[in-house]
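Student:
Protein chains: 2
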Amino acid sequence: MIASDKFLESKGIRPTAMRLLVFQHLAKSKVATTLSDIENAFAKADRTTLFRTLKTFEQKRVVHQIDDGSGIMKYALCEEGCNCELERDLHLHFHCTNCGETICLTEQKIPHINLPDGFVAEDANLVLKGICDKCSGQ
Amino acid sequence: MIASDKFLESKGIRPTAMRLLVFQHLAKSKVATTLSDIENAFAKADRTTLFRTLKTFEQKRVVHQIDDGSGIMKYALCEEGCNCELERDLHLHFHCTNCGETICLTEQKIPHINLPDGFVAEDANLVLKGICDKCSGQ
DNA sequence: TCAATAAATGCACTTCCATTGCATTGCCCT
DNA sequence: AGGGCAATGCAATGGAAGTGCATTTATTGA
Chain A
8 MIASDKFLES
18 KGIRPTAMRL
28 LVFQHLAKSK
38 VATTLSDIEN
48 AFAKADRTTL
58 FRTLKTFEQK
68 RVVHQIDDGS
78 GIMKYALCEE
88 GCNCELERDL
98 HLHFHCTNCG
108 ETICLTEQKI
118 PHINLPDGFV
128 AEDANLVLKG
138 ICDKCSGQ
Chain L
8 MIASDKFLES
18 KGIRPTAMRL
28 LVFQHLAKSK
38 VATTLSDIEN
48 AFAKADRTTL
58 FRTLKTFEQK
68 RVVHQIDDGS
78 GIMKYALCEE
88 GCNCELERDL
98 HLHFHCTNCG
108 ETICLTEQKI
118 PHINLPDGFV
128 AEDANLVLKG
138 ICDKCSGQ
């Protein structure tokens, strides 16, 4: 694993202190994270800065945004082998209705769908809702 | 096709004038509809009433809510053969990034996904984004 | 090194939509 | 008719995304 600052630089992102902290916070987290989560983790940080940091990360394909239907956007780091740069990495997400957490199931890809004539798909978002492994007692 | 008021009654919904209008508006529309769409269609109507009408419809399984990632909730009538009462009708939705419309592809079902141990899925939401048939020029 | 320039940050504010509280109206049933 | 509950309308709240602008911090080039 390379150092965070080198990694960000390799993505074309200037590795400021704030950005390194946000990046490392995302790296530690196993679940998708909301803006408010990050805001609470660093009491000193300003919402806007965090917001823009995430937007920058998203643009540079360091994180992807997840809309799990909870009404709040969540963010998660792209995987090592994530081919975000070429095409969207179409793994699915699992939203636990018990604990509210959203998990990237990077192993599970979205199956190919045959669309009616004239429809051209460019992106896909599949969110399963239910009970996660922790909450189901396993 | 049975009359709207009989239909609503059969679903346990009192068929008020407002509700009949909303129902018929949804029935006419081929695409998923936002609260604002309906609000604009009936200038006389109050947002709140429409909002609660939709919530009632949703609860009684007359409409389903669609979160297509546009940030605005949309609603569409459940199909004739929709088995919403027993389990969620897991068809997918197509969101056109050109015209902004969201279409229920009721023929296309969400494929079964094998989840890791401990995960129990109860609901699924699959939204494809791209260009719809009208916008692609077919 | 120092000034000029560009990028990042912080604060205040706006906007948009979902949602709720409460008073009022209208409908149904006895 | 009238009691009671459901539906409606108005006003207000709340939460999250997003924007404008001034300030600070970093980078670059003389």
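One line per chain: the protein sequences are A and L, in this order. So the first sequence is numbered by our numbering: it starts at 8 and just counts up by one. So the second sequence is numbered by our numbering: it starts at 8 and just counts up by one. Each residue gets a CB set at the ideal place from its N, CA and C atoms; glycine is no exception.
1. Would you say Pro22 (chain A) lies against chain L (beta-carbon separation less than 8 Å)?
2. Is the stretch 45-52 of chain L touching the stretch 105-121 of chain L in the sense that three or more CB pairs, one from each, lie closer than 8 Å?
3. In three-state terms, what does DSSP make of Asp130 (chain L)?
4. Taking contact to mean 3 or more Cβ pairs, one atom from each stretch, closer than 8 Å, check whether the stretch 126-138 of chain A and the stretch 127-141 of chain L are in contact.
5. Below 8 Å between beta carbons is the criterion; list the residues of the stretch 119-138 of chain L that meet it against any residue of chain A, in chain order.
6. In chain order, what residues of the same chain lie with their CB nearer than 6 Å to the CB of Ile79 (chain A), ignoring the 5 residues before and after it?
7. Any C-beta of chain A sitting closer than 8 Å to the C-beta of Gly107 (chain L)?
8. Candidates L:Phe58, L:Glu86, L:Lys35, L:Asp12: which alpha carbon is nearest Ser43 (chain L)'s?
9. Do Arg26 (chain L) and Thr60 (chain L) count as a contact pair if the criterion is CB distance below 8 Å?
10. In three-state terms, what does DSSP make of His32 (chain L)?
11. What are the start and end residues of the alpha helix (DSSP H) that includes Lys62 (chain A)?
12. CB Leu33 (chain A) to CB Leu84 (chain A), shorter than 8 Å?
13. What's the call for Lys115 (chain L), buried or exposed, on a 16-neighbour Cβ count within 10 Å?
14. Assign His100 (chain L) to buried or exposed, taking buried as 16 or more other Cβ atoms, counted over all protein chains shown, within 10 Å of its Cβ.
15. Does Thr39 (chain L) pass the burial test, meaning 16 or more other C-beta atoms within 10 Å, or should it be called exposed?
16. To the nearest angstrom, how far is it from the Cα of Asn121 (chain A) to the Cα of Leu15 (chain L)?
17. For a contact meaning CB atoms closer than 7 Å, what does Gly76 (chain L) contact in chain A?
18. Could you name the residues of the same chain whose beta carbon sits closer than 8 Å to that of Gln31 (chain L), not counting the 5 residues immediately before and after it, in chain order?
19. Here's the rule I'm using: 16 or more other beta-carbon atoms within 10 Å means buried, otherwise exposed. How should Lys81 (chain L) be labelled?
20. Return the bridge partner residues of Ala83 (chain L) from the DSSP annotation.
21. Out of A:Lys37, A:His98, A:Gly19, point me to the one whose CA is closest to Glu65 (chain A)'s CA.
22. Short of 8 Å in beta carbon distance, which residues of its chain neighbour Thr104 (chain L), apart from the five on each side in sequence? Order them along the chain.
23. Which of helix, strand or coil does DSSP assign to Leu15 (chain L)?
24. Within a Cβ cutoff of 8 Å, which residues of the same chain sit near Ile117 (chain A), ignoring the five residues on either side of it in sequence?
25. So Gln115 (chain L) contacts chain A; which residues on that side make the cut at Cβ distance below 9 Å?
Tutor: In this structure, then:
1. no
2. no
3. Correct three-state label for Asp130 (chain L): strand.
4. yes
5. Of all residues in the stretch 119-138 of chain L, Ile120, Asn121, Leu122, Pro123, Asp124, Gly125, Phe126, Val127, Ala128, Glu129, Asp130, Ala131, Asn132, Leu133, Val134, Leu135, Lys136, Gly137, Ile138 have a Cβ within less than 8 Å of some Cβ in chain A.
6. Thr41
7. no
8. Ranked by Cα distance from Ser43 (chain L), the first of L:Phe58, L:Glu86, L:Lys35, L:Asp12 is L:Phe58.
9. yes
10. helix
11. 54-66
12. yes
13. In the sequence as displayed, the identity of residue 115 (chain L) is Gln instead of Lys. Gln115 (chain L) should be labelled buried.
14. buried
15. In the sequence under discussion, the amino acid at residue 39 (chain L) is Ala, which differs from the Thr named in the question. By the 10 Å Cβ count, Ala39 (chain L) comes out buried.
16. 34 Å
17. Asp74, Asn132
18. Ser11, listed in sequence order.
19. buried
20. L:His71
21. It is A:Gly19 whose Cα lies nearest to the Cα of Glu65 (chain A).
22. Lys136, Gly137, Ile138
23. helix
24. Leu97, His98, Leu99, Ala131, Leu133
25. Ile120, Asn121, Leu122, Pro123
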